[in-house]
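Below is one structure, written out as structure tokens; the observations come after it.
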Amino acid sequence: MDSLKGRDLLSMADLTSTELHELLDLAAQLKNGTKQPKCPNKVLGLVFSKASTRTRVSFSVAMYQLGGQILDLNAGVTQVGRGEPTSDTARVLDRYLDVVAIRTFQQAEIEEFAAYANIPVINALTDLEHPCQILADLLTLRETFGSLENLTMSYLGDGNNVAHSLMLGCALAGVNIRVATPNGYAPDQTVVNQAIDLSQGRSAVIVTDDPKAAVQGSHALYTDVWASMGEESEAQSRIPQFQPYQINQSMLDLAHDQAIVLHCLPAHRGEEITHDVMEGAHSRIWDQAENRLHAQKALLAAILSEV
Ligand code: CP
Ligand code: NVA
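Okay, so the sequence shown: first residue is 136 according to the working numbering, each after it adds one.
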């Protein structure tokens, strides 16, 4: 775990397979109380240019539980919102903070921030990736099935930031990943190739436009909104093309008997997932949301101290 001290997490692919498994081990120990690391007096800055409930609150609570503090540096209340260059903001915040979590649009923006700041930079969601989410998702999968071996995850919907990090995370964790999207909404081919490379033959990486083939016998069905933040104007027009990718009871019937249903939230019930499946016996969505706290606490502890 020492290897993560002082490191950035800009992409899921910044972790090795061993580091990912160790982070999940630590998250499980934090959750069951067998480890209680402390990072007293450390300050996490939250530089968010998009809305957030789970990421903002779970990072804040994680930092308080570690004995540290947070500063909410919403772009609207800092000079970031008035266009101060990222390179300047990064060099200044570097002098005050111990770690920063950034939620923004362009991946290039957090890469630029990280290039100018010496402190660790965590991707709290960009248009390209959402690695912190996937730490919680894999933790949820692992606690349901006892390990991550011989499991298949199926993601239906938009080939977006969550899909990208999920592909990379599953590849690193040795979980088979099948992603089914409508034509025109496939995940970025560069990320697909990266996932295939990272899997090193441990697990399969499949991209298809056939949702039923994707969920056949799968251990986890995962979806996200069909239009992400910044794409709201396309939300209505996308619905007909995305409808066959909805997670509903007939899709769940094709999966493994013990399959779990995951959603990063927030959800649009009746669009990417039905109300019944979201609230049904196979849903682990609320545990998944809780696991954001444990997974990010593990990440912060590993970045800020020796654990
Ligand atoms: N899943 C997730 O990142 O939720 P928030 O947008 O509420 O942080
Ligand atoms: N893909 C979604 C995830 C929200 C947590 C978005 O970017 O809006």
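Every residue, glycine too, gets a C-beta built ideally from N, C-alpha and C. The structure displayed is predicted, hence computed values, not measured ones.
Nonlocal neighbours in the same chain, by C-beta distance under 6 Å from residue i, ignoring five residues either side
{"i": "ALA402", "result": "ILE408"}
{"i": "SER195", "result": "ILE205"}
{"i": "ALA162", "result": "LEU274, HIS429, ALA430, ALA433"}
Residue closest to residue i, alpha-carbon to alpha-carbon, out of the options
{"i": "ARG313", "options": "LEU150, ALA330, SER289, ASP323", "result": "SER289"}
{"i": "ARG429", "options": "SER138, GLU278, THR358, ALA394", "result": "The question names Arg, yet the displayed sequence has His at residue 429. It is GLU278."}
{"i": "GLY309", "options": "SER138, GLU219, LEU139, THR151", "result": "THR151"}
{"i": "LEU270", "options": "LEU439, VAL442, ASP422", "result": "ASP422"}
{"i": "CYS267", "options": "GLU369, VAL340, LEU303, ASN328", "result": "LEU303"}
{"i": "LEU329", "options": "GLY319, LEU307, TYR320, SER385", "result": "The sequence shown places Gln at residue 329, not Leu. Comparing Cα-Cα distances from GLN329 to each of GLY319, LEU307, TYR320, SER385, the minimum goes to LEU307."}
{"i": "GLY415", "options": "ILE374, ASN383, ALA197", "result": "ASN383"}
{"i": "PRO317", "options": "ALA148, ASP344, GLN324", "result": "ASP344"}
{"i": "ARG191", "options": "SER440, ALA236, ARG230", "result": "ALA236"}
{"i": "SER334", "options": "PHE377, CYS305, GLN371, SER385", "result": "CYS305"}
{"i": "PHE377", "options": "LEU400, ALA315, PRO322", "result": "ALA315"}
Local Cβ density within 10 Å of residue i, reported as buried at 16 or more and exposed below that
{"i": "GLN381", "result": "buried"}
{"i": "GLU367", "result": "exposed"}
{"i": "GLY141", "result": "exposed"}
{"i": "VAL227", "result": "exposed"}
{"i": "PRO175", "result": "exposed"}
{"i": "ASN285", "result": "exposed"}
{"i": "ARG189", "result": "buried"}
{"i": "ASP233", "result": "buried"}
{"i": "PRO172", "result": "buried"}
{"i": "ASN253", "result": "exposed"}
{"i": "GLU369", "result": "exposed"}
{"i": "GLU219", "result": "exposed"}
{"i": "ARG373", "result": "buried"}
Backbone CA spacing between residue i and residue j [nearest angstrom]
{"i": "HIS417", "j": "LYS185", "result": "31 Å"}
{"i": "LYS170", "j": "ASP160", "result": "10 Å"}
{"i": "ASN296", "j": "GLY365", "result": "12 Å"}
{"i": "LEU434", "j": "ARG419", "result": "22 Å"}
{"i": "GLN214", "j": "THR239", "result": "15 Å"}
{"i": "LEU208", "j": "ALA348", "result": "44 Å"}
{"i": "ILE245", "j": "ASP137", "result": "23 Å"}
{"i": "GLY292", "j": "GLU406", "result": "10 Å"}
{"i": "GLY203", "j": "VAL178", "result": "6 Å"}
{"i": "VAL327", "j": "VAL340", "result": "8 Å"}
{"i": "GLY319", "j": "HIS391", "result": "28 Å"}
{"i": "GLN351", "j": "PHE183", "result": "38 Å"}
{"i": "PRO379", "j": "PRO346", "result": "7 Å"}
{"i": "GLU157", "j": "ASP229", "result": "28 Å"}
Sequence-distant residues of its chain with Cβ nearer than 8 Å to residue i (five each side left out)
{"i": "SER187", "result": "ARG238, ALA259, LEU260"}
{"i": "ILE395", "result": "THR275, LEU276, THR279, HIS354, ALA355, LEU356, HIS417, SER418, ARG419"}
{"i": "ARG404", "result": "HIS410, MET413"}
{"i": "TYR100", "result": "As shown, the chain starts at 136 and ends at 442. That puts residue 100 outside it, with no answer to give."}
Own chain partners of residue i with C-beta closer than 7 Å, once the 5 adjacent residues on each side are dropped
{"i": "LEU145", "result": "ILE245, GLU246, ALA249, VAL256, ASN258"}
{"i": "LEU139", "result": "GLU154, ALA437, ILE438"}
{"i": "ARG337", "result": "GLY309"}
{"i": "SER222", "result": "GLU247, TYR251"}
{"i": "LEU263", "result": "GLN242, ASN296, HIS299"}
{"i": "GLY216", "result": "ALA210"}
{"i": "LYS166", "result": "HIS429"}
C-beta neighbour in chain E for residue i, strict 9 Å
{"i": "GLY336", "result": "No chain E appears in the structure shown, which is made up of a single protein chain."}
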